[in-house]
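Protein sequences appear in the order of chains A and B.
According to UniProt numbering, the first sequence is numbered sequentially starting from 1.
According to UniProt numbering, the second sequence is numbered sequentially starting from 1.
The C-beta atom is built at its ideal place from N, Cα and C for all residues, glycine as well.
Predicted, not measured: the structure shown is a model, and the values here were computed from it.
Right, one structure below, let's go through it.
Protein chains: 2
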Amino acid sequence: MKKPDIVILGAGYGGIMTALKLQKMLNVNEAAITLVNKYDYHYQTTWLHENAAGTLHHDRTRIPINDVINTDKVQFILDTVVSIKPDKKKVKLENGDLNYDILVIGLGFEAETFGIPGLKENAFTIGDIDSARLIREHLKYNFAMYHHENCKNLGRLNIVVGGGGFTGVEFLGELANRIPELCEEYDINKSMVRLINIERETTVLPGFDSQLAEYAMSSLESRGVEFITGADFKKCEPDRIVYEKDGKEVSIPTYTTIWTAGVRANSIVEESGFDHNQGKIDVCPDLRAPGYDDIFAIGDCALIMDRATNTPYPPTAQIAVQQSDTAARNITALVQGTGELTEFEPHMLGTVASLGNNDAIGDVFNNRKLFGWKAVIMKKIIENRYLFKLGGWGLLMRKGKFNIFY
Amino acid sequence: MKKPDIVILGAGYGGIMTALKLQKMLNVNEAAITLVNKYDYHYQTTWLHENAAGTLHHDRTRIPINDVINTDKVQFILDTVVSIKPDKKKVKLENGDLNYDILVIGLGFEAETFGIPGLKENAFTIGDIDSARLIREHLKYNFAMYHHENCKNLGRLNIVVGGGGFTGVEFLGELANRIPELCEEYDINKSMVRLINIERETTVLPGFDSQLAEYAMSSLESRGVEFITGADFKKCEPDRIVYEKDGKEVSIPTYTTIWTAGVRANSIVEESGFDHNQGKIDVCPDLRAPGYDDIFAIGDCALIMDRATNTPYPPTAQIAVQQSDTAARNITALVQGTGELTEFEPHMLGTVASLGNNDAIGDVFNNRKLFGWKAVIMKKIIENRYLFKLGGWGLLMRKGKFNIFY
């Protein structure tokens with residue numbers, strides 16, 4: 001009897017952890033495990049804003065896949081997924097097709113620009129190593145341009161961050177610390193640089209504890225960030241953006257807009273014909289796609305409702321990693337034909353948002369609020385814990401964050 | 001009796017050394033010395049190609065003017081010269097006017113693009129700290145763009161250097177060493193990058209010893225530089241250049257063209273109504289401008305003929321520094337009313353061209369040829385000697401080049 005082909009699409013938080021767990025739970029005679037990813041490295045999406053600001057090198061954020069998987073047990077294919085054909089049990093890649101018996105969809109997110117004119121063409125999004133690295137270079141290029149141009153252009157020095165959610169606020173925190181360094185490198189007077197956040201709601205971090213959100217705003221404001229809340233982002237052109245507030249349209253000259261205000265699931269999910277809710281698969285409790293007993297969806301591609309509040313859980317690394325546990329356990333049960341599948345139950349351990357390398361806020365362990373250095377340490381513990389789970393002590397020592405005392 | 005106002009325009013090699021010598025030779029009761037420069041730092045023009053390639057930080061190349069002049073003896077004005085009115089003994093600055101009794105014109109060079117279409121708009125030139133720093137960032141930005149664009153564009157990775165003279169060859173040497181680092185940083189396969197030199201003559205370094213020129217070409221070719229000699233540069237567009245060779249026009253896609261093939265004197269010389277020869281003042285033997293007994297011209301603004309060959313001496317730092325000796329001595333004689341002015345006599349000590357940090361060629365001490373590490377050491381001795389003259393041991397220790405063994 002042929003052993004089943006397990007194919008995992010995507011090596012993000014959910015995908016790579018599912019592969020790691022399956023390689024422990026199944027032996028090579030039981031199943032053939034294949035992991036497909038468009039890069040030969042895994043990266044920590046939650047660190048990309050630091051790479052984009054230039055405060056952390058991108059090589060700290062990425063980890064070669066072959067360094068963490070056991071290539072005797074998991075076959076890695078470097079390729080880009082084009083589409084999924086669930087009726088034919090086939091995945092189309094750019095360079096060939098793959099057949100599966102069990103499929104795990106962990107293809108992550110893409111930016112959602114809500115049809116706002118010019119955003120897709122002219123704004124940056126922090127999506128992967130390539131885009132984060134480009135943002136870092138774009139910032140420096142524009143600062144270098146400032147003194148080179150005879151006609152001084154303040155658009156070179158204005159940086160607009162669209163969206164005051166989690167990513168936007170964390171990115172602003174890094175940028176606020178980075179700007180003084182950039183000013184020194186490019187002979188710019190710091191008072192000329194504007195770091196502007198535009199948020200639709202009346203506060204940043206909507207949904208977060210209001211005391212923590214206020215703390216975040218004043219921490220960032222003290223480092224020069226301007227918050228424009230209650231404002232609609234109207235359009236983004238190559239050299240300016242326009243927002244509307246209190247019925248008035250305001251234009252800001254800028255060559256650098258970073259859009260952090262929306263993510264959606266990878267559009268391959270929708271295009272492959274799955275039932276979806278705003279692009280995500282509204283998975284069964286065992287994480288399988290409705291109607292398919294051989295397809296699991298995890299991470300940003302899966303919709304998980306919080307039954308207590310009837311709202312979806314936010315798409316976090318925390319939940320993706322927890323889902324990989326359930327997915328791996330259920331796949332093992334299917335392969336070994338042992339018993340019922342278990343249901344996914346998220347455990348919200350809390351959330352910590354960094355505000356640069358020296359400040360943070362956290363809402364952890366049933367509404368215990370953390371500010372300042374305690375939150376900074378908690379953030380690094382969470383990040384280091386993930387590295388340990390992914391690659392043990394060796395990886396933790398190579399890529400961990402231990403600079404917690406400044 | 002009012003003490004004479006000595007005004008020195010430009011703090012390049014010639015200008016700053018004239019100021020330094022005058023502050024030693026004249027006491028404060030004899031003359032008021034003013035130095036005008038558009039930056040508050042002096043920079044070593046001959047190091048800028050390293051800043052542009054990214055192999056040396058620009059802060060190593062520049063020196064705050066107030067660190068080397070004695071501000072009790074020399075007044076420094078940070079301003080940009082707009083024009084010189086020799087008949088009114090006046091200099092117009094962007095922020096005011098200056099009267100002089102004795103003037104030294106050391107305003108340096110600007111790029112000469114010979115009317116080649118698009119060069120002025122689309123090519124970079126290595127002219128000052130700002131432009132060198134921008135080239136460094138431009139290279140990185142385009143390398144970062146390569147992986148970010150879905151449609152791969154080799155123009156991002158093609159670098160065209162127009163002109164195979166001294167600056168072009170030295171810049172290629174630095175770039176050839178820099179490319180492997182850039183490839184690693186931006187995940188680029190080194191074989192995709194093209195480093196192309198376009199030279200009108202049949203060899204690079206025309207006028208230089210042919211054996212040395214051949215050595216330079218093979219050193220650079222072994223590190224991947226392509227030489228296209230005997231080719232006319234026809235035009236430069238934002239995303240490509242066109243050259244003509246053997247009657248055929250060839251287009252190379254590129255976003256990065258650096259033009260090193262021509263310099264001319266600062267156009268203020270010509271615009272201020274001086275008699276000029278291709279923009280330069282054809283100075284008298286005592287370095288004064290013909291027809292003006294109170295105006296000296298030095299460095300790139302002065303034309304010095306080699307009577308033996310009836311060709312002009314090349315505009316080098318070496319000659320500019322030597323001219324500052326003659327200028328300072330003659331100004332002192334004018335101020336003190338002592339005897340005849342001396343004639344400028346250049347002493348060609350030879351020329352050394354670097355080919356990156358680990359190779360060089362030199363033609364020194366009456367046609368003694370140097371290759372490889374001997375030339376590398378000679379180059380650094382010359383550079384360090386200048387720093388010592390400019391700012392003594394302190395400056396030499398801070399900015400000198402001592403990494404001569406790799």
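Next on the checklist: Counting beta carbon pairs with one atom in the region 320-338 of chain A and one in the region 127-145 of chain A, are three or more of them shorter than 8 angstroms?
Outcome noted: no
Item to check | Inter-residue CB distance, residue 195(A) and residue 175(A) (contact presumed, cutoff 8 angstroms) | outcome: 6 angstroms
Checklist entry - Can residue 260(A) and residue 167(A) be called in contact, C-beta distance under 8 angstroms? => result yes
Item to check | Whole-angstrom C-beta distance between residue 300(A) and residue 315(A), which should lie under 8 angstroms | outcome: 4 angstroms
Checklist entry - Hey, residue 22(A) and residue 328(A) are a contact pair by Cβ (cut 8 angstroms); roughly how many whole angstroms apart? => result 5 angstroms
Item to check | Residue from 343(B), 391(B), 132(B) with nearest C-alpha to residue 69(B) | outcome: 391(B)
Item to check | From 112(B), 84(B), 96(B), 110(B), residue whose alpha carbon lies closest to that of residue 102(B) | outcome: 84(B)
Next on the checklist: Under DSSP, the beta strand (DSSP E) around residue 64(A) begins and ends at which residues?
Outcome noted: 62-64
Next on the checklist: Tell me the rounded alpha-carbon separation between residue 244(A) and residue 153(B).
Outcome noted: 37 angstroms
Item to check | Nearest residue (CA-CA) to residue 46(A), options 170(A), 262(A), 87(A), 134(A) | outcome: 170(A)
Item to check | Interface residues of the region 120-133 of chain B facing chain A [CB-CB below 7 angstroms] | outcome: 130, 131, 133
Next on the checklist: I need the boundaries of the beta strand (DSSP E) containing residue 236(A), first residue and last residue.
Outcome noted: 232-237
Next on the checklist: Strictly below 7 angstroms CB to CB, what residues from chain B border residue 147(A)?
Outcome noted: 130
Next on the checklist: Is residue 406(A) close to chain B? Criterion is C-beta to C-beta, closer than 8 angstroms.
Outcome noted: Model confidence at residue 406(A) stands at a pLDDT of 45, short of 50, so the residue's coordinates are unreliable; what they give is reported in the following sentence. Not one chain B Cβ lies under 8 angstroms of residue 406(A).
Checklist entry - Taking only beta-carbon atoms, is residue 43(B) less than 8 angstroms away from chain A? => result no
Checklist entry - Between which two residues does the beta strand (DSSP E) containing residue 273(A) stretch? => result From DSSP, residue 273(A) is part of no beta strand (DSSP E); its letter is neither H nor E.
Next on the checklist: What would DSSP say about residue 229(A), mapped onto helix, strand or coil?
Outcome noted: coil
Item to check | residue 54(B), buried or exposed, once every other Cβ within 10 Å from all chains shown has been counted against 16 | outcome: buried
Checklist entry - In whole angstroms, what is the alpha-carbon distance linking residue 372(B) and residue 361(B)? => result 6 angstroms
Next on the checklist: When you compare the CB of residue 170(A) with every CB in chain B, is at least one pair closer than 8 angstroms?
Outcome noted: no
Next on the checklist: Does residue 170(A) come out as helix, strand or coil in the three-state DSSP assignment?
Outcome noted: helix
Checklist entry - Could you check where the beta strand (DSSP E) with residue 130(B) kicks off and where it finishes? => result No beta strand (DSSP E) contains residue 130(B), which is instead part of the alpha helix (DSSP H) from 129-148.
Checklist entry - Is it buried or exposed for residue 308(B), if we count other Cβ within 10 angstroms and need 16 for buried? => result exposed
Checklist entry - So which residues of chain B does residue 49(A) contact, with C-beta pairs closer than 8 angstroms? => result Result: empty, since nearest Cβ-Cβ is about 16 angstroms, beyond 8 angstroms.
Item to check | Inter-residue CB distance, residue 252(A) and residue 106(A) (contact presumed, cutoff 8 angstroms) | outcome: Rounded, the Cβ-Cβ distance is 38 angstroms, inconsistent with contact.
Next on the checklist: Can you confirm whether residue 383(B), when its beta carbon is compared against all beta carbons of chain A, has any partner nearer than 8 angstroms?
Outcome noted: no
Checklist entry - How is the beta strand (DSSP E) around residue 13(B) delimited, first residue to last? => result Per DSSP, residue 13(B) belongs to no beta strand (DSSP E); it is in the alpha helix (DSSP H), 13-25.
Checklist entry - So residue 159(A) is in the beta strand (DSSP E); what residue range does that whole segment cover? => result 158-162
Checklist entry - Can a CB atom of chain B be found closer than 8 angstroms to the CB of residue 140(A)? => result yes
Next on the checklist: List, in chain order, every chain A residue whose beta-carbon is nearer than 7 angstroms to that of residue 144(B).
Outcome noted: 133, 134, 137
Checklist entry - Who are residue 265(B)'s beta bridge partners in DSSP? => result 109(B)
Checklist entry - Would residue 123(A) pass as a contact of residue 58(A) if the rule is Cβ separation under 8 angstroms? => result no
Checklist entry - What residue from 146(B), 126(B), 128(B) has the CA that sits closest to residue 407(A)'s CA? => result Outside the displayed range of chain A (1 to 406) lies residue 407(A), so it cannot be described from this structure.
Next on the checklist: Considering just the uninterrupted stretch of the alpha helix (DSSP H) at residue 219(A), what are its terminal residues?
Outcome noted: 210-221
Checklist entry - Run through DSSP, which three-state label would residue 165(B) get? => result coil
Next on the checklist: Taking the straight line between their C-alpha atoms, what separation do you get for residue 338(B) and residue 182(A)?
Outcome noted: 53 angstroms
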